[in-house]
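Chemist:
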Amino acid sequence: KQEVTQIPAALSVPEGENLVLNCSFTDSAIYNLQWFRQDPGKGLTSLLLIQSSQREQTSGRLNASLDKSSGRSTLYIAASQPGDSATYLCAVRQESGGSNYKLTFGKGTLLTVNP
Amino acid sequence: DAGVIQSPRHEVTEMGQEVTLRCKPISGHNSLFWYRQTMMRGLELLIYFNNNVPIDDSGMPEDRFSAKMPNASFSTLKIQPSEPRDSAVYFCASSRSRGGARSYNEQFFGPGTRLTVL
Numbered sequence: 002k003q004e005v006t007q008i009p010a011a012l013s014v015p016e017g018e019n020l021v022l023n024c025s026f027t028d029s030a031i032y033n034l035q036w037f038r039q040d041p042g043k044g045l046t047s048l049l050l051i052q053s054s055q056r057e058q059t060s061g062r063l064n065a066s067l068d069k070s071s072g073r074s075t076l077y078i079a080a081s082q083p084g085d086s087a088t089y090l091c092a093v094r095q096e097s098g099g100s101n102y103k104l105t106f107g108k109g110t111l112l113t114v115n116p
Numbered sequence: 120d121a122g123v124i125q126s127p128r129h130e131v132t133e134m135g136q137e138v139t140l141r142c143k144p145i146s147g148h149n150s151l152f153w154y155r156q157t158m159m160r161g162l163e164l165l166i167y168f169n170n171n172v173p174i175d176d177s178g179m180p181e182d183r184f185s186a187k188m189p190n191a192s193f194s195t196l197k198i199q200p201s202e203p204r205d206s207a208v209y210f211c212a213s214s215r216s217r218g219g220a221r222s223y224n225e226q227f228f229g230p231g232t233r234l235t236v237l
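Chains as they are written, first to last, in our numbering: chain Z, 2 to 116; chain F, 120 to 237.
(1) I'd like the list of long-range same chain contacts for Thr88 (chain Z), defined as Cβ closer than 6 Å, with 5 residues on each side in sequence excluded.
(2) Any idea if Ser213 (chain F) is buried or exposed, counting beta-carbon neighbours within 10 angstroms, 16 or more meaning buried?
(3) Which term fits Arg221 (chain F), buried or exposed, when burial requires 16 or more other beta carbons within 10 angstroms of its beta carbon?
(4) Give the DSSP-derived three-state secondary structure of Arg221 (chain F) in the structure shown.
(5) My understanding is that Ser74 (chain Z) touches Leu12 (chain Z), with C-beta atoms under 8 Å, so please give their C-beta distance in whole angstroms.
(6) Closer than 7 Å, Cβ to any Cβ of chain F: which residues of the region 58-82 of chain Z, in chain order?
(7) Which first and last residues belong to the beta strand (DSSP E) in which His148 (chain F) is found?
(8) Helix, strand or coil, according to DSSP, for Gly84 (chain Z) in the structure here?
(9) Kindly indicate if chain Z contains any beta-carbon less than 8 Å away from that of Ser150 (chain F).
(10) Within 8 Å (strictly less), CB to CB, does Tyr102 (chain Z) reach chain F?
(11) DSSP on Pro189 (chain F), reduced to helix/strand/coil?
(12) Can you look up Pro15 (chain Z) in the DSSP assignment and give me helix, strand or coil?
(13) In the DSSP assignment, the beta strand (DSSP E) including Gly161 (chain F) goes from what residue to what residue?
(14) Helix, strand or coil for Pro203 (chain F)? Go by DSSP, reduced to three states.
(15) Tell me Gln68 (chain Z)'s beta-bridge partners as DSSP assigns them.
(16) Just grab the DSSP bridge partners of Val172 (chain F) for me.
(17) Cβ closer than 7 Å: which chain F residues qualify as neighbours of Leu50 (chain Z)?
(18) Counting only the same chain and skipping the five closest in sequence on each side, list residues whose C-beta sits under 8 Å from that of Asn101 (chain Z).
(19) Checking contacts by CB at 8 Å: is Pro189 (chain F) closer than that to chain B?
(20) Chain F partners of Ser13 (chain Z), CB-CB under 7 Å?
(21) Using beta carbons (cut-off 8 Å, strictly below), is Phe184 (chain F) in contact with chain Z?
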């Protein structure tokens with residue numbers, strides 16, 4: 002059974018700092034990995050999706066990398082801003098079997114960027 | 120596009136009452152997912168529909184939970200009778216799949232329904 006772990010559970014940084022969020026998964030047979038942002042009381046917003054054949058994806062100040070063989074992904078946020086404060090979740094989609102529609106989520110990292 | 124629409128946004132009910140959550144997926148999406156989010160267990164998939172047909176309901180906690188998708192633009196998740204342990208945020212998500220193992224695209228989530236059962 003796939004398990005997704007996100008470390009740290011919470012992170013507080015001063016504005017302007019570059020930071021890295023970590024995601025690890027136990028079964029490397031994944032089809033893709035997706036990073037989401039969740040604001041308090043809101044739904045999930047997709048940030049980046051990395052296919053299993055890709056090493057990284059970039060969107061603005063965000064860069065997500067994927068090392069499928071080692072079961073790891075990182076989300077790098079450059080020049081953090083208070084508006085980046087949210088919970089960041091990663092989710093993996095399995096490659097094999099009949100349940101490859103299913104996303105398995107980590108429990109998220111709560112990020113606070115202090116002005 | 121309005122995105123995935125869920126209603127109500129908040130629901131407070133008493134134990135034993137019936138609760139119905141509603142979802143309108145993004146137009147043109149043919150896959151619909153219901154998730155439940157709790158502090159203890161995180162986000163869990165409850166049920167998945169493809170082309171209005173339930174494909175995987177293995178995540179539905181028990182017989183008190185049921186879900187329907189009568190057409191491509193509407194789905195409901197019903198809890199009857201509700202219990203305090205059902206208190207959670209329930210999300211609906213949709214995506215477009217074109218069939219086959221490599222056709223599942225990113226999922227778009229609704230704002231969720233925060234359910235409190237007293």
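Every residue gets a Cβ at the ideal spot worked out from N, C-alpha and C, and that includes glycine.
These numbers were taken from a predicted model, which means no experiment stands behind them.
Modeler: By the coordinates alone:
(1) In the first sequence, counting from the first residue as 1, residue 88 (chain Z) sits at position 87. Correct list, in chain order: Gln39, Gly109, Leu111.
(2) Here residue 213 (chain F) refers to the residue found at position 94 of the second sequence. Under this definition Ser213 (chain F) is a buried residue.
(3) Here residue 221 (chain F) corresponds to residue number 102 of the second sequence, with the count starting at 1. The predicted model places Arg221 (chain F) with a pLDDT of 48, which falls under 50 and marks its position as unreliable; any figure quoted below should be read in that light. By the beta-carbon neighbour count (other beta carbons within 10 angstroms, threshold 16), Arg221 (chain F) is exposed.
(4) Locating residue 221 (chain F) in the second sequence gives position 102, counting from the first residue. Residue confidence is low: Arg221 (chain F) scores 48 on pLDDT, short of 50, so the model does not pin down where it sits. No coordinate-derived value is stated.
(5) Counting from one through the first sequence, the residue named residue 74 (chain Z) turns up at place 73. Counting from one through the first sequence, the residue named residue 12 (chain Z) turns up at place 11. The pair is not a contact, with the Cβ atoms about 16 Å apart (cut-off 8 Å).
(6) For the region 58-82 of chain Z, which is checked against every Cβ of chain F, not one residue is closer than 7 Å.
(7) By one-based count along the second sequence, residue 148 (chain F) stands at place 29. If you look at His148 (chain F), you'll find it isn't in any beta strand (DSSP E); DSSP assigns it neither H nor E.
(8) Taking the first residue of the first sequence as 1, we reach residue 84 (chain Z) at position 83. In the three-state reduction of the DSSP assignment, Gly84 (chain Z) falls in the helix class.
(9) The residue you call residue 150 (chain F) lines up with position 31 of the second sequence. Flagged as an interface residue toward chain Z: Ser150 (chain F), by a C-beta distance shorter than 8 Å.
(10) Along the first sequence, one-based indexing puts residue 102 (chain Z) at 101. So yes, Tyr102 (chain Z) belongs to the interface.
(11) Working through the second sequence from its first residue, we reach residue 189 (chain F) at position 70. The three-state reading of DSSP puts Pro189 (chain F) in strand, counting E and B together.
(12) Along the first sequence, read from residue 1 onward, the residue named residue 15 (chain Z) stands at position 14. If DSSP states are grouped into helix, strand and coil, Pro15 (chain Z) belongs with the strands.
(13) Numbered from 1 along the second sequence, position 42 holds the residue referred to as residue 161 (chain F). 161-169 is the extent of the beta strand (DSSP E) around Gly161 (chain F).
(14) Your numbering for residue 203 (chain F) matches position 84 in the second sequence. The answer is helix: DSSP assigns Pro203 (chain F) an H, G or I state.
(15) Translated into positions along the first sequence, residue 68 (chain Z) becomes position 67. Per the sequence shown, the amino acid found at residue 68 (chain Z) is Asp instead of Gln. Paired residue(s): Z:Arg73.
(16) The residue given as residue 172 (chain F) occupies position 53 in the second sequence. Beta-bridge partners assigned by DSSP to Val172 (chain F): F:Asn169.
(17) Stepping through the first sequence from its first residue, residue 50 (chain Z) is reached at position 49. The contacting residues are Glu225.
(18) As a position in the first sequence, residue 101 (chain Z) is number 100, starting the count at 1. Taking Asn101 (chain Z) as the centre and dropping the five residues before and after it, the same chain places the C-beta of Tyr32, Arg94, Gln95 closer than 8 Å to its C-beta, in chain order.
(19) Absent here is chain B; the protein component of the structure consists of chains Z and F.
(20) For the purposes of this step, residue 13 (chain Z) is taken as the residue at position 12 of the first sequence. Neighbours of Ser13 (chain Z) across chain F, judged by C-beta separation under 7 Å, do not exist; the nearest C-beta is about 19 Å away.
(21) Taking the second sequence and counting its residues from 1, one reaches residue 184 (chain F) at position 65. With respect to chain Z, the C-beta atom of Phe184 (chain F) has no partner C-beta closer than 8 Å.
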